[in-house]
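Under this note's numbering, the first residue of the sequence shown is numbered 298, with each subsequent residue one higher.
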Amino acid sequence: MDGRNHSIVSQFVFLGLTNAWGMQLLLFVFSFLFYFASMMGNLVIVFTVTLDAHLHSPMYFLLANLSVIDMLFCSIIDPKIICDIFEKHKAISFCGCITQIFCSHAVGGTEMVLLIGMAFDRYVAICKPLHYLTIMSPRMCLYICVTSWIIGLIHSLVQLAFVVDLPFCGPNVLDSFYCDLPRLLRLSCTNTQELEFVVTVNSGLISVGSFVLLVISYIFILFTVWKHSSGGSSKALSTLSEHIIVVVLFFGPLMFFYTWPSPTSHLDKYLAIFDAFITPFLNPVIYTFRNQEMKVTMKRLCSHLMHYRKIL
298 MDGRNHSIVS QFVFLGLTNA WGMQLLLFVF SFLFYFASMM GNLVIVFTVT LDAHLHSPMY
358 FLLANLSVID MLFCSIIDPK IICDIFEKHK AISFCGCITQ IFCSHAVGGT EMVLLIGMAF
418 DRYVAICKPL HYLTIMSPRM CLYICVTSWI IGLIHSLVQL AFVVDLPFCG PNVLDSFYCD
478 LPRLLRLSCT NTQELEFVVT VNSGLISVGS FVLLVISYIF ILFTVWKHSS GGSSKALSTL
538 SEHIIVVVLF FGPLMFFYTW PSPTSHLDKY LAIFDAFITP FLNPVIYTFR NQEMKVTMKR
598 LCSHLMHYRK IL
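Shown next as structure tokens:
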């Protein structure tokens, strides 16, 4: 024998949020409704932007891509959470846990970069309006989306490279309802302090750095709007406020997860619920109910559909 511990963990068990039946029922209804609403709301945005020529602009192209990313993020975590609510033994296989971590970090990293791209789009539209269509060409929009996915995948692969070969020989209980990297590292048989530092640098500092960069860019844009205030300033401010709200909702929980030194379990869980269910739901709400152009386009499409139904 070489002295190494060859026993491995084949699955992880979630403690979930609560064992009280009434709370489980409430959580199931809440989770299912928000997941369904998130998927439908983002689908509406994708179809509206795709079908209506009035919205074939860089801003709405990037918005449609953000909706696709939100739907992917919902589908990675939410169905498993919903199915596990009434299960006494909430388990996930080792491969399933690693896959969930990889996909969630890849999609999350992609959304992080895409939000920066959307901020750049607003900067060009407000600060360089005469050159907007030249700078934000279809090639540039495609470049932003492809770059977002490449960086998101690289970010996730870096995380996975340090975790996939770690030995897990027990315990296998995660005080959560989905696989997240910080909690998983604490279950490893080896000392993971250096890995936790790498995770903090890769996820925490990147999210904080991206958030600070976005805040600085929006402050600069707001200063430009104030300095050159005109009739279109109110529309620009309205559009910027939508982006700022989405950025705060997205980065807030992320920065807490990966930079807080001693996270409290219950607060972690409630923030995770917010990040998994409410944020993807609020994005389409913010971009539709606060956007007059989207509302007008949706009404136009609905009237066309009603007209076609009468003809048929």
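Glycine included, each C-beta is placed from N, C-alpha and C at the ideal position.
Since the structure is predicted, the reported quantities are computational estimates derived from the model, not experimental observations.
Cβ pair residue i, residue j closer than 8 Å
i, j, result
"SER328", "PRO581", "no"
"VAL421", "MET409", "no"
"ILE373", "VAL404", "yes"
"PHE370", "LEU471", "no"
"MET595", "THR345", "yes"
"LEU359", "MET415", "yes"
"PHE417", "SER307", "no"
"GLY313", "LYS377", "no"
"VAL496", "LEU484", "no"
"ILE518", "ILE441", "no"
"VAL522", "LEU412", "no"
"LEU631", "ASP349", "The question about residue 631 has no answer, for the chain in this structure spans 298 to 609."
Which residues DSSP lists as bridging residue i, in chain order
i, result
"LYS524", "Per DSSP, none; premise fails for LYS524."
"ALA388", "VAL310"
"LEU471", "PHE311"
Exposed unless 16 or more other CB atoms sit within 10 angstroms - verdict on residue i
i, result
"ARG419", "buried"
"HIS303", "Only weak support is given to the placement of HIS303: the predicted model assigns it a pLDDT of 43, under 50, and the value that follows is read from those uncertain coordinates. So HIS303 counts as exposed."
"PRO426", "exposed"
"GLY506", "exposed"
"TYR584", "buried"
"MET356", "buried"
"VAL326", "exposed"
"PRO464", "exposed"
"TYR567", "exposed"
"ILE513", "exposed"
"LEU551", "buried"
Chain-order list of residues whose beta-carbon lies under 7 Å from that of residue i (same chain, five-residue window excluded)
i, result
"GLY406", "ILE448, GLY449, HIS452, SER453"
"PHE331", "PHE574, ILE575, PHE578"
"SER343", "Here residue 343 turns out to be Val, not Ser, going by the sequence shown. Cβ neighbours of VAL343 beyond the five flanking positions: ALA361, SER364, VAL365."
"VAL455", "ASN499"
"ILE542", "ILE583"
Test: residue i CB closer than 8 Å to a CB of chain B
i, result
"GLN308", "In the structure shown, chain B cannot be found, because there is only a single protein chain."
Sequence-distant residues of its chain with Cβ nearer than 6 Å to residue i (five each side left out)
i, result
"ASN339", "SER364, ASP367, MET368, PRO581"
"GLU384", "none"
"PHE508", "PHE548"
8 Å CB neighbourhood of residue i in its chain, flanking five on each side removed
i, result
"ILE379", "PHE325, SER328, PHE329, TYR332"
_Count Cβ pairs between the segment 473 to 487 and the segment 387 to 398 that sit closer than 8 Å; are there 3 or more?_
yes
_Three-pair Cβ contact test at 8 Å for the segment 478 to 487 versus the segment 455 to 469_ = yes
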